[in-house]
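Read the sequence shown against my numbering and you will find it ends at 185, with the numbers running on by one and no gaps. From the three backbone atoms N, C-alpha and C, an ideal C-beta is built for every residue, glycine too. Here is the structure we will look at.
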Amino acid sequence: MKKILFVFFFTFFLQGNSYAFKEGTTFWYKHAPHSELVRHYRGLDLDEVCAMWKEVGYWKKKRRVPNRTAIKEALKANGEDPFICMKLQNL
Numbered sequence: 095m096k097k098i099l100f101v102f103f104f105t106f107f108l109q110g111n112s113y114a115f116k117e118g119t120t121f122w123y124k125h126a127p128h129s130e131l132v133r134h135y136r137g138l139d140l141d142e143v144c145a146m147w148k149e150v151g152y153w154k155k156k157r158r159v160p161n162r163t164a165i166k167e168a169l170k171a172n173g174e175d176p177f178i179c180m181k182l183q184n185l
């Protein structure tokens, strides 16, 4: 009986909090694989990408580095200077 209740409440909990795992949420940015991050950043406008560059700068190194690497790769794939966000931030 306890196992059935656990499964029921666990499933209910996951359904109620499924928003946390959607693309673009803070949790997603911190745990998404590199390929998904690059795909996501490629779909954003330059100003949105640079806003994320600034935001992830406040995160711990473990999550900051993968996101900024994905941003640079996405910018390069879109024909932009991979360091444009860093340059604009220092103006």
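Assignment of E167 by DSSP, reduced to helix, strand and coil, places it in the helix class.
Comparing alpha carbon positions, the residue from I165, G137, D139 and L138 closest to V150 is I165. Residue environment for L185: exposed (fewer than 16 other C-beta atoms within 10 angstroms of its C-beta).
In the DSSP assignment, F121 falls within the unbroken alpha helix (DSSP H) covering T120 to H125. Scanning R157, L140 and R158 for the CA closest to the CA of L182 turns up L140.
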